[in-house]
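K.L.:
In this note's numbering, the protein residues as written are 4 to 337.
Would you mind keeping the following structure in view while I ask a few things?
Dropping the structure here:
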């Protein structure tokens, strides 16, 4: 169950997220500095009647990068085409997407760090000059065709900005990092979502879910859905503190928001490797999880809590992690 909550690969989960997605900046909770910058960014473009500069959003998954892209399209009253780096396999795929845009439209590319380098080369003139260079044919008879494309805005999102090439990063006029939310902001999101979904939840129930939501809106909304399911079956459909606690305990999510895999990672580093340092690939092999899953989903939150630190030699537990695991400094090899 925790994998569904954290990763959310199910199509029904994606539709659930879309239902709760705000349409305008005024309804978007959190990320105040980014919102203020975007208000100026969008206001200036509207006043000058210019196409928006290309925008890069980065940060851990589930913090609202895709939602912001949709909001920007709505605020600018333009269309949006959504795709991802791995989905664009050939230059022809990119050409097909871009040529079907209209002036002012937004092309949103998620996981842009996974964009093929050869595709990047084709993308550069489209971003700078709004032209696409397409090669037709092979060998000596191959011809280069330059196409005019609509003046569009690319919004890209990534969880790993360090994997972006410098030439691609330089093409963005604005770059924003999304940070984890605090419990109050998560509570506001849960209150809004509960009204949309018509879930009866009291203040204490909201607070308990917010406390265990890993400071991440996407996870908070998914937890709300799971708690609602529990309340419908085990209670009278209303969510209070007791119902929320029992539901979250059944999901094996503790009071700090750690799930079974988080605890498995921490215990493994302590018991098998003396608290670290240990490489990410070794952790992945020992836990049976993908290294990308650990890096993208579990590690950012463990680091945010101050339980894990990165060193040149590998990942290492902190004193806070030892305390959480019930160990003292003397009992550790740190």
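Even glycine gets a Cβ: it sits at the ideal position worked out from N, Cα and C.
Using the three-state DSSP reduction, which class does residue 179 fall into: helix, strand or coil?
P.N.:
The sequence position of residue 179 within the chain shown is 176, counting from 1. Residue 179: strand per DSSP, three-state reduction.
K.L.:
With a CB to CB cut of under 7 Å and the five nearest residues on each side skipped, what residues in its chain are close to residue 275?
P.N.:
For the purposes of this step, residue 275 is taken as the residue at position 272 of the chain shown. Closer than 7 Å at Cβ, skipping near neighbours: 289.
K.L.:
Once you ignore the five residues that flank residue 218 on each side, which residues in its own chain have a CB closer than 8 Å to its CB?
P.N.:
Counted from its first residue, the chain shown places residue 218 at position 215. Cβ neighbours of residue 218 beyond the five flanking positions: 183, 184, 185, 186, 189, 260, 304, 307.
K.L.:
Give the secondary structure of residue 137 by DSSP, where H, G and I count as helix, E and B as strand, and everything else as coil.
P.N.:
Stepping through the chain shown from its first residue, residue 137 is reached at position 134. Strand, per DSSP.
K.L.:
For residue 294, which residues of its own chain have a beta-carbon under 7 Å away from its beta-carbon, when the five flanking residues on both sides are left out?
P.N.:
Position 291 of the chain shown, counting from 1, holds the residue named residue 294. Excluding residues within five positions, the ones whose Cβ falls inside 7 Å are 283, 284, 287.
K.L.:
Could you tell me the distance, in whole angstroms, from the CA atom of residue 159 to the CA atom of residue 176?
P.N.:
The count along the chain shown starts at 1 and reaches residue 159 at position 156. The count along the chain shown starts at 1 and reaches residue 176 at position 173. Their backbone Cα atoms lie some 12 Å apart in a straight line.
K.L.:
Would you mind sorting residue 22 into buried or exposed? The rule is 16 or more other CB atoms within 10 Å of its CB.
P.N.:
Here residue 22 refers to the residue found at position 19 when the chain shown is read from its first residue. So residue 22 ends up on the exposed side.
K.L.:
Could you tell me whether the Cβ atoms of residue 204 and residue 236 are closer together than 7 Å?
P.N.:
Within the chain shown, the letter at position 201 stands for residue 204. Within the chain shown, the letter at position 233 stands for residue 236. Not closer than 7 Å, so no.
K.L.:
Does DSSP put residue 318 in a helix, a strand or coil?
P.N.:
Within the chain shown, the letter at position 315 stands for residue 318. Three-state result, residue 318: strand.
K.L.:
Are residue 118 and residue 135 closer than 7 Å when you measure CB to CB?
P.N.:
Here the question's residue 118 lines up with position 115 in the chain shown. Here the question's residue 135 lines up with position 132 in the chain shown. Remark: C-beta atoms of residue 118 and residue 135 do not approach each other more closely than 7 Å.
K.L.:
If I follow the unbroken alpha helix (DSSP H) through residue 74, where does it start and stop?
P.N.:
Mapped onto the chain shown, residue 74 falls at position 71. 68-79 is the span of the alpha helix (DSSP H), which, as asked, contains residue 74.
K.L.:
Flag this pair as touching only if the region 56-68 and the region 83-93 have three or more C-beta atom pairs under 8 Å; answer yes or no.
P.N.:
Touching, no.
K.L.:
Given a threshold of 16 other Cβ atoms within 10 Å of its Cβ, counted over all protein chains shown, does residue 156 qualify as buried or as exposed?
P.N.:
As a first step, residue 156 is located in the chain shown; it is residue number 153 there, counting from the start. With 16 or more other Cβ atoms within 10 Å, it is buried.
K.L.:
Which residues in the same chain as residue 267 place their Cβ atom closer than 6 Å to its Cβ, once the five residues preceding and following it in sequence are excluded?
P.N.:
Translated into the one-based positions of the chain shown, residue 267 becomes position 264. Cβ contact annotation for residue 267 (same chain, cutoff 6 Å, sequence separation greater than five): 290, in chain order.
K.L.:
Roughly how many angstroms lie between the CA atoms of residue 77 and residue 20, to the nearest whole one?
P.N.:
Within the chain shown, numbered from 1, the residue matching residue 77 stands at position 74. Within the chain shown, numbered from 1, the residue matching residue 20 stands at position 17. So the two alpha carbons sit approximately 17 Å from each other.
K.L.:
In whole angstroms, what is the alpha-carbon distance linking residue 27 and residue 146?
P.N.:
Working through the chain shown from its first residue, we reach residue 27 at position 24. Working through the chain shown from its first residue, we reach residue 146 at position 143. If you draw a straight line from the Cα of residue 27 to the Cα of residue 146, it comes to about 45 Å.
K.L.:
Pull up the distance between the alpha-carbon of residue 65 and that of residue 297, whole angstroms please.
P.N.:
Your numbering for residue 65 matches position 62 in the chain shown. Your numbering for residue 297 matches position 294 in the chain shown. Rounded to the nearest angstrom, the two C-alpha atoms are 15 Å apart.
K.L.:
With a cut-off of 8 Å on the beta carbons, I'd call residue 230 and residue 247 a contact; round off their distance for me.
P.N.:
Stepping through the chain shown from its first residue, residue 230 is reached at position 227. Stepping through the chain shown from its first residue, residue 247 is reached at position 244. The beta-carbon distance between residue 230 and residue 247, rounded to whole angstroms, is 5 Å. This is short enough to meet the 8 Å contact definition.
K.L.:
Need the endpoints of the alpha helix (DSSP H) that residue 113 sits in, please.
P.N.:
Taking the chain shown and counting its residues from 1, one reaches residue 113 at position 110. Note, residue 113: premise wrong, no alpha helix (DSSP H); beta strand (DSSP E) at 109-113.
K.L.:
In three-state terms, what does DSSP make of residue 100?
P.N.:
Here the question's residue 100 lines up with position 97 in the chain shown. Reduced to three states, the DSSP call for residue 100 is helix.
K.L.:
Taking residue 92 as the reference, which of 194, 126, 252, 51 has the closest Cα?
P.N.:
Here the question's residue 92 lines up with position 89 in the chain shown. The candidate whose alpha carbon is nearest that of residue 92 is 126.
K.L.:
If the criterion is Cβ atoms closer than 7 Å, does the pair residue 191 and residue 32 meet it?
P.N.:
By 1-based counting over the chain shown, the position of residue 191 is 188. By 1-based counting over the chain shown, the position of residue 32 is 29. In this structure, residue 32 lies closer than 7 Å to residue 191 by Cβ.
K.L.:
Let me know the secondary structure DSSP gives residue 238 once reduced to three states.
P.N.:
Counting from one through the chain shown, the residue named residue 238 turns up at place 235. Residue state, collapsed to three classes: coil.
K.L.:
Compute the Euclidean distance between the alpha carbons of residue 153 and residue 82, then round it to the nearest angstrom.
P.N.:
On the chain shown, residue 153 is found 150 positions in, with the first residue counted as 1. On the chain shown, residue 82 is found 79 positions in, with the first residue counted as 1. A straight-line Cα-Cα distance of about 12 Å links residue 153 and residue 82.
K.L.:
Would residue 181 and residue 62 qualify as a contact pair, given that the criterion is a beta-carbon distance under 7 Å?
P.N.:
Here residue 181 is taken as the residue at index 178 of the chain shown, counted from 1. Here residue 62 is taken as the residue at index 59 of the chain shown, counted from 1. The answer is yes: Cβ separation under 7 Å.
K.L.:
Apply the 10 Å Cβ neighbour rule to residue 99 and answer buried if 16 or more other Cβ atoms are within range, or exposed otherwise.
P.N.:
For the purposes of this step, residue 99 is taken as the residue at position 96 of the chain shown. When all chains shown are included, residue 99 counts as exposed.
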